[in-house]
Structure formats: structure tokens, C-alpha cells
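Report on the structure given below.
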Amino acid sequence: AGLRECEARGLMARSEIRIDGTARLRKQLERLEDSTRRDVLARIVVASGEAVRVAASQKAPVRTGQLSEGMVTELLESKPYRASAGVGPDKDAWYGLFQEYGTVHHAAQPFLRPAYDEQKRNVQRRMRDDLRARIRQATR
């Protein structure tokens, strides 16, 4: 399983799980029905995104609390061998873009990328471990 680097999609940090690892892992996944496989990958990527969401909420600049409370994890794509989730502010906290990147009048106060960087290894490990466990569980 691979985790692709954070991508800009609006303000969302995006993580993706693609099954392009060992032939054994892919063969085990092929034993699952497409809908089950898609569900397994979607659950793993969203659960892993939650760690980034929590860290970003803790790192977000606080004035009213709306930005830190408005962080969400969203499933962006779900296919039989690939799923991706995004983490970022909800529509009420749209101004998070200005906090993360800054403006002409406001210095950047990054919170999302540092949260992703901090959690990246944990997310990769969790995705790998969860995927193995769910495959074992589903193929018993």
C-alpha cells in the first residue's frame, strides 16, 4: 500500500491509498468482492485522515475556535484498488486558506501541512496495518 504526498485540492490535505505493493497483497484483495474491497479501502483512508484532522484542529490558529472546530475528513474517491480522503476546513471555515498560506496583509500561519507532516508516518503505518487486518478478517 502506498501513501501519496499531500496535494492541494482547495485547502484539503489529501492522502491516498493505492494498492500497488506486493503481488501477495493484491492477490488477497482480489479475493474480495469489488464493493467489499472498495469499502475496506475507503474506511481505512478516512480513519487515517482522522489523525491528520485532529492534529490540524490542534494546530489551527484560534481566534473564535471556528477553524479548529470546522476541520473535516472527507472521502474524495473510492475505487476497487484506490481510495483517497481529504482533510481541511468545512465551508464555514473557508478562511483557513488565508491562515495556511497567508495574504499580502497577513503572514501565513500554517497548520494543515505541519499536521500532515507530523502524522505522515503514523498514517502510513496505520493504513498498512489496518489493511492487513481487514483483509485477514474479510477472507476468513
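Note that the sequence shown covers residues 1 to 140 in the working numbering.
Just so you know, even glycine gets a beta-carbon here, dropped at the ideal spot from N, CA and C.
Every value quoted in this text rests on a predicted model; they were computed, and no experiment measured them.
#1: Any idea what DSSP makes of residue 36, helix, strand or coil?
#2: Measuring straight from C-alpha to C-alpha, what distance separates residue 27 and residue 46?
#3: CB of residue 121 to nearest heavy atom of the ligand HEM: below 8 Å?
#4: Could you tell me the distance, in whole angstroms, from the CA atom of residue 6 to the CA atom of residue 135?
#5: If you follow the beta strand (DSSP E) that residue 79 is part of, which residue opens it and which one closes it?
#6: Closest to residue 123 by CA distance: which of 33, 51, 96 and 59 is it?
#7: Please specify which runs of the beta strand (DSSP E), each continuous and at least 3 residues long, are wholly inside the region 44–112, giving them in chain order.
#8: Going by beta-carbon coordinates alone, are residue 86 and residue 97 separated by less than 9 Å?
This is what the structure gives:
#1: Indexing the sequence shown from 1 puts residue 36 at position 36. In this structure, residue 36 counts as helix in the three-state DSSP scheme.
#2: In the sequence shown, counting from the first residue as 1, residue 27 sits at position 27. In the sequence shown, counting from the first residue as 1, residue 46 sits at position 46. Approximately 23 Å between the Cα atoms of the pair.
#3: As presented, the structure is devoid of all ligands, the ligand HEM included, so that no description of it is given.
#4: Within the sequence shown, residue 6 is the residue found at index 6, counting from 1. Within the sequence shown, residue 135 is the residue found at index 135, counting from 1. Here the model assigns residue 6 a pLDDT of 37, short of 50, so the residue's position is not dependable, and the following value carries that caveat. Computed Cα separation, rounded: 26 Å.
#5: Here residue 79 refers to the residue found at position 79 of the sequence shown. Counting along the chain, the beta strand (DSSP E) containing residue 79 begins and ends at 71–79.
#6: Counted from its first residue, the sequence shown places residue 123 at position 123. Measuring from the Cα of residue 123, the nearest candidate turns out to be 51.
#7: Secondary structure within the region 44–112: the beta strand (DSSP E) runs of 3 or more consecutive residues, fully enclosed, are 71–79 and 82–89 (chain order).
#8: Working through the sequence shown from its first residue, we reach residue 86 at position 86. Working through the sequence shown from its first residue, we reach residue 97 at position 97. In this structure, residue 97 does not lie closer than 9 Å to residue 86 by Cβ.
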